[in-house]
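Trainee:
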Amino acid sequence: MFSQPIKIDVRPRIVDDKTVSIVVQIDNKSRRSINHLEGFINVVTDDGNVLKEKRLIIIGPNDPALQNEMTVSRSITLNLIDPFPAYKFNVSKITFSGDYRVYTFHPEIGFYRVD
(Lines of atoms letter the chains of each structure in order from A and count residues from 1; the text may use other names and numbers.)
(Lines give C-alpha, C1' and ligand atoms only; values in the text may rest on other atoms or scores of the structure.)
Protein backbone atom coordinates (compact mmCIF):
# COMPACT_ATOMS: atom_id res chain seq x y z
CA MET A 1 0.00 0.00 0.00
CA PHE A 2 1.26 3.46 -0.97
CA SER A 3 1.35 6.29 1.59
CA GLN A 4 1.28 10.00 0.69
CA PRO A 5 4.29 12.01 1.98
CA ILE A 6 1.95 14.83 3.01
CA LYS A 7 -1.77 14.70 3.60
CA ILE A 8 -3.86 17.81 2.92
CA ASP A 9 -7.24 18.22 4.59
CA VAL A 10 -9.44 21.25 3.76
CA ARG A 11 -12.45 21.90 6.00
CA PRO A 12 -14.84 24.79 5.30
CA ARG A 13 -16.94 26.09 8.21
CA ILE A 14 -19.75 28.60 7.76
CA VAL A 15 -19.31 31.41 10.30
CA ASP A 16 -22.37 33.52 9.48
CA ASP A 17 -24.53 34.43 6.46
CA LYS A 18 -21.63 36.19 4.73
CA THR A 19 -18.44 34.45 5.90
CA VAL A 20 -16.84 31.03 5.65
CA SER A 21 -13.70 29.93 7.52
CA ILE A 22 -11.44 27.54 5.62
CA VAL A 23 -9.12 25.37 7.75
CA VAL A 24 -6.19 23.71 5.94
CA GLN A 25 -4.45 20.90 7.84
CA ILE A 26 -1.15 19.38 6.69
CA ASP A 27 0.10 16.03 8.02
CA ASN A 28 3.82 15.46 7.41
CA LYS A 29 4.62 11.82 6.57
CA SER A 30 7.67 12.62 4.40
CA ARG A 31 10.30 11.55 6.99
CA ARG A 32 11.86 15.03 6.57
CA SER A 33 11.43 18.32 8.43
CA ILE A 34 9.55 20.97 6.44
CA ASN A 35 10.91 24.54 6.81
CA HIS A 36 8.50 26.38 4.52
CA LEU A 37 5.15 25.47 2.98
CA GLU A 38 2.79 27.71 1.06
CA GLY A 39 0.10 27.35 -1.53
CA PHE A 40 -3.24 28.54 -2.81
CA ILE A 41 -6.82 27.91 -1.76
CA ASN A 42 -8.96 27.58 -4.87
CA VAL A 43 -12.69 28.25 -4.78
CA VAL A 44 -14.13 25.86 -7.37
CA THR A 45 -17.69 25.61 -8.71
CA ASP A 46 -19.47 22.32 -9.42
CA ASP A 47 -18.60 22.57 -13.12
CA GLY A 48 -14.86 23.01 -12.37
CA ASN A 49 -14.46 26.77 -12.83
CA VAL A 50 -12.06 28.47 -10.42
CA LEU A 51 -13.84 31.53 -9.00
CA LYS A 52 -11.11 32.76 -6.69
CA GLU A 53 -7.59 31.92 -5.62
CA LYS A 54 -6.11 33.03 -2.29
CA ARG A 55 -2.50 32.56 -1.14
CA LEU A 56 -1.96 30.92 2.24
CA ILE A 57 1.38 30.43 4.02
CA ILE A 58 1.15 27.36 6.24
CA ILE A 59 4.75 27.37 7.54
CA GLY A 60 6.48 30.74 7.28
CA PRO A 61 9.97 32.03 8.12
CA ASN A 62 9.15 32.65 11.80
CA ASP A 63 7.42 29.30 12.37
CA PRO A 64 9.18 26.19 13.69
CA ALA A 65 9.90 23.38 11.24
CA LEU A 66 7.21 20.74 10.82
CA GLN A 67 8.78 17.47 11.94
CA ASN A 68 7.92 14.02 10.57
CA GLU A 69 4.59 12.58 11.85
CA MET A 70 3.47 16.05 13.00
CA THR A 71 0.51 18.21 11.92
CA VAL A 72 0.00 21.93 11.33
CA SER A 73 -3.12 23.87 10.41
CA ARG A 74 -3.97 27.40 9.32
CA SER A 75 -7.25 29.09 8.61
CA ILE A 76 -8.46 31.91 6.43
CA THR A 77 -11.85 33.62 6.16
CA LEU A 78 -13.52 34.30 2.83
CA ASN A 79 -16.85 35.68 1.69
CA LEU A 80 -19.56 33.06 1.41
CA ILE A 81 -20.59 32.33 -2.18
CA ASP A 82 -23.96 30.92 -3.22
CA PRO A 83 -24.21 28.11 -4.26
CA PHE A 84 -21.65 26.67 -1.83
CA PRO A 85 -18.45 25.86 -3.82
CA ALA A 86 -15.66 23.35 -3.20
CA TYR A 87 -12.43 24.55 -1.59
CA LYS A 88 -9.11 22.97 -2.58
CA PHE A 89 -5.55 23.65 -1.42
CA ASN A 90 -2.64 23.28 -3.84
CA VAL A 91 0.94 23.37 -2.57
CA SER A 92 3.04 25.81 -4.58
CA LYS A 93 6.30 25.91 -2.60
CA ILE A 94 7.89 23.63 -0.04
CA THR A 95 11.43 23.50 1.40
CA PHE A 96 13.03 20.96 3.71
CA SER A 97 15.58 21.39 6.50
CA GLY A 98 19.13 21.04 5.20
CA ASP A 99 18.02 21.22 1.53
CA TYR A 100 18.41 24.46 -0.44
CA ARG A 101 16.16 23.27 -3.29
CA VAL A 102 12.53 24.35 -3.67
CA TYR A 103 9.85 21.74 -4.39
CA THR A 104 6.15 21.63 -5.06
CA PHE A 105 3.76 18.77 -4.37
CA HIS A 106 1.16 16.96 -6.43
CA PRO A 107 -0.90 14.16 -4.84
CA GLU A 108 -0.43 11.79 -7.80
CA ILE A 109 3.32 12.20 -8.37
CA GLY A 110 4.62 13.50 -5.02
CA PHE A 111 7.36 16.12 -4.65
CA TYR A 112 9.09 17.62 -7.66
CA ARG A 113 11.76 20.27 -7.86
CA VAL A 114 10.80 23.70 -9.24
CA ASP A 115 13.99 25.78 -8.89
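Quick note, the sequence shown lines up with residues 472 to 586 if you use our numbering. Where is the CB? At the ideal position from N, CA and C, for every residue including glycine.
Kindly identify the DSSP beta-bridge partner or partners of Glu524.
Mentor: Asn513
Trainee: Would you call the CB atoms of Phe576 and Val562 closer than 7 Å?
Mentor: yes
Trainee: Which residue comes first and which comes last in the beta strand (DSSP E) that contains Ala557?
Mentor: Ala557 to Phe567
Trainee: Given that a residue counts as buried once 16 or more other Cβ atoms are within 10 Å of its Cβ, and exposed if not, what is Leu522?
Mentor: exposed
Trainee: Please name the residue in Glu524, Thr516, Ser474 and Pro532 whose C-alpha comes closest to that of Leu549.
Mentor: Each of Glu524, Thr516, Ser474 and Pro532 was checked against the Cα of Leu549, and the nearest Cα belongs to Glu524.
Trainee: DSSP puts Pro423 in a beta bridge; with which residues?
Mentor: Not covered by the structure: residue 423. The range shown for the chain is 472 to 586.
Trainee: If we ignore side chains and look at the alpha-carbon of each, how far apart do Val491 and Phe567 end up?
Mentor: 32 Å
Trainee: Measure the Cβ-Cβ separation of Phe560 and Val494 and say whether it is below 7 Å.
Mentor: no
Trainee: Considering just the uninterrupted stretch of the beta strand (DSSP E) at Leu427, what are its terminal residues?
Mentor: Nothing about residue 427 can be reported from this structure: the residues present for the chain run from 472 to 586 only.
Trainee: How far does the beta strand (DSSP E) with Arg584 in it reach, from first residue to last?
Mentor: In the DSSP annotation of this structure, the continuous segment of the beta strand (DSSP E) that includes Arg584 starts and ends at Gly581 to Arg584.
Trainee: Distance, Cα to Cα, Val486 vs Ile547?
Mentor: 12 Å
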